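Please read the structure below before turning to the comments.
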Amino acid sequence: MQPAPATYGVLGEPASLRWFGTAAILAVGMIAGGYLLGDGLLRAKDAERAVTVRGLAERDVTADLATWTISYSASSTSLAEAQAKVRGDTASIEAFFKELGFPADALQPTGANVTSFTNEGVTTYTVRQRLALRTTDIKRAQKAVARQFDLVGRGVFLEEGSGMAYTFTKLNDIKPEMVAAATRDARAAAQQFAKDSNSGVGKIRDATQGYFEIEARDGDSGGGWGQADSPYKKVRVVTTVSFTLD
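Those letters in the sequence shown? Residues 326 to 571, by the numbering used here.
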């Protein structure tokens with residue numbers, strides 16, 4: 326008895342071979358799909374076993390740059406007289422800082438303007454001048470601010486906004502240490518969470534560094550006439566860190 330002839334598909338291959346090939350492809354697909362599904366479930370499980378906390382780091386620093394903008398003016402019905410008064414005030418201010426030991430180039434002009442106002446046919450001229458002191462000698466700058474009323478005693482009319490501002494410019498020098506301290510603080514918080522849940526703290530999953538803030542150490546003290554910013558600052562940063570839990 327002759328065997329039954331083989332059945333061929335469209336491309337001339339035996340139908341049985343095509344069936345086995347299709348079955349093999351489906352099997353590989355099911356295995357790969359199962360692996361990906363299982364791996365995804367494991368990752369989802371790991372994601373559930375995590376804690377996100379914030380870490381804080383603070384440091385007291387002293388400003389290394391002092392800037393004092395001094396605004397003064399003189400008014401008169403004679404423009405020449407107003408200008409002469411301002412020139413005299415400028416000489417008094419320069420002498421004041423020279424007596425305190427500042428170099429001549431520490432004080433620089435930053436602007437001037439003239440305005441006029443007419444009332445009942447009489448015109449009054451106001452001449453304004455601005456000088457800026459810029460120094461890294463913080464102690465000498467503090468001494469100058471403490472004696473600012475000496476300028477008033479010399480006849481200089483200081484306007485609103487004539488205040489000292491202190492700046493800390495070395496933030497980049499302390500950033501790495503502060504970020505590390507904030508991360509340690511975050512891990513300590515995570516360990517407390519883990520202890521409460523009978524778990525252990527694992528590696529960092531992700532972290533976000535917050536903004537660095539520099540504020541007056543002893544509260545806000547904005548500049549202005551009769552006031553001065555403080556050279557004593559507090560640097561603060563908050564980081565957000567996610568840890569896995571073992």
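Backbone N, C-alpha and C fix where the C-beta goes; we use that ideal spot for every residue, glycine too. The structure presented is a predicted model; accordingly, all values stated were derived computationally and were not measured.
Limits of the alpha helix (DSSP H) - the one that LYS559 falls within: Along the sequence shown, one-based indexing puts residue 559 at 234. Segment 557-570 is the beta strand (DSSP E) holding LYS559; no alpha helix (DSSP H) there.
Evaluate contact between the segment 396-416 and the segment 448-468, counting only Cβ atoms and requiring at least three cross-stretch pairs below 8 angstroms. yes
Alpha carbon of LYS528 to alpha carbon of ALA511, nearest angstrom: As a working note, residue 528 is residue 203 in the sequence shown. As a working note, residue 511 is residue 186 in the sequence shown. One C-alpha to the other measures close to 12 angstroms.
Is the beta carbon of ASP385 less than 8 angstroms from the beta carbon of ARG561? To locate residue 385, count along the sequence shown from 1; it is residue 60. To locate residue 561, count along the sequence shown from 1; it is residue 236. Cβ atoms of ASP385 and ARG561: not closer than 8 angstroms.
CA-to-CA distance, THR569 to GLY363, given in whole angstroms: Taking the first residue of the sequence shown as 1, we reach residue 363 at position 38. Taking the first residue of the sequence shown as 1, we reach residue 569 at position 244. Only weak support is given to the placement of GLY363: the predicted model assigns it a pLDDT of 43, under 50, and the question is left unresolved by the model.
Environment of GLN473 [buried if 16+ CB atoms lie within 10 Å]: As a first step, residue 473 must be located in the sequence shown, where it is residue number 148. With 16 or more Cβ atoms within 10 Å of its Cβ, GLN473 is classed as buried.
What number of angstroms, rounded off, separates the C-alpha of PRO556 from the C-alpha of GLU383? As a position in the sequence shown, residue 556 is number 231, starting the count at 1. As a position in the sequence shown, residue 383 is number 58, starting the count at 1. Distance between the alpha carbons of PRO556 and GLU383 is about 16 angstroms.
If you check the beta carbons only, do ARG379 and THR508 fall under 8 angstroms apart? Numbered from 1 along the sequence shown, position 54 holds the residue referred to as residue 379. Numbered from 1 along the sequence shown, position 183 holds the residue referred to as residue 508. No, they are not a contact pair.
Do you know whose CA, among GLY446, TYR450, ASP462, PRO434, lies nearest THR440's CA? Counted from its first residue, the sequence shown places residue 440 at position 115. Comparing Cα-Cα distances from THR440 to each of GLY446, TYR450, ASP462, PRO434, the minimum goes to TYR450.
Classify TYR536 as buried or exposed, calling it buried when 16 or more other Cβ atoms lie within 10 Å of its own Cβ. The residue you call residue 536 lines up with position 211 of the sequence shown. Classification for TYR536: exposed.
Considering only their Cβ atoms, is the gap separating PHE493 from VAL376 smaller than 8 angstroms? Translated into positions along the sequence shown, residue 376 becomes position 51. Translated into positions along the sequence shown, residue 493 becomes position 168. Cβ distance not < 8 angstroms, so VAL376 and PHE493 don't count as in contact.
First and last residue of the alpha helix (DSSP H) that includes GLN408? The sequence position of residue 408 within the sequence shown is 83, counting from 1. From DSSP, the alpha helix (DSSP H) with GLN408 extends over 404-424.
What three-state label does DSSP hand GLU502 in the structure shown? By one-based count along the sequence shown, residue 502 stands at place 177. It is helical.
Pair within 8 angstroms by beta-carbon distance, MET489 and ALA466: Within the sequence shown, residue 489 is the residue found at index 164, counting from 1. Within the sequence shown, residue 466 is the residue found at index 141, counting from 1. Yes, the Cβ-Cβ distance between MET489 and ALA466 is below 8 angstroms.
Taking 6 angstroms as the limit between beta carbons, can you name the residues of its chain near VAL526, skipping five residues before and five after? Walking along the sequence shown from the start, residue 526 turns up at place 201. Around VAL526: ALA515, GLN516, ALA519, PHE568.
Closest to THR415 by CA distance: which of GLN534, LEU476, LYS500 is it? Walking along the sequence shown from the start, residue 415 turns up at place 90. Taking only the C-alpha atoms, the option nearest THR415 is LEU476.
Which word fits ASP430, buried or exposed, when buried means at least 16 other C-beta atoms lie within 10 angstroms of its C-beta? For the purposes of this step, residue 430 is identified with residue 105 of the sequence shown, where counting begins at 1. That one is exposed.
Status (buried if at least 16 other CB within 10 Å, exposed otherwise) for LYS558: Position 233 of the sequence shown holds residue 558. When all chains shown are included, LYS558 counts as buried.
Starting from the C-beta of GLU540, find all residues in its chain whose C-beta is less than 6 angstroms away, skip the five residues before and the five after it, and write them out in chain order. If you number the sequence shown from 1, residue 540 lands on position 215. Correct list, in chain order: LYS559.
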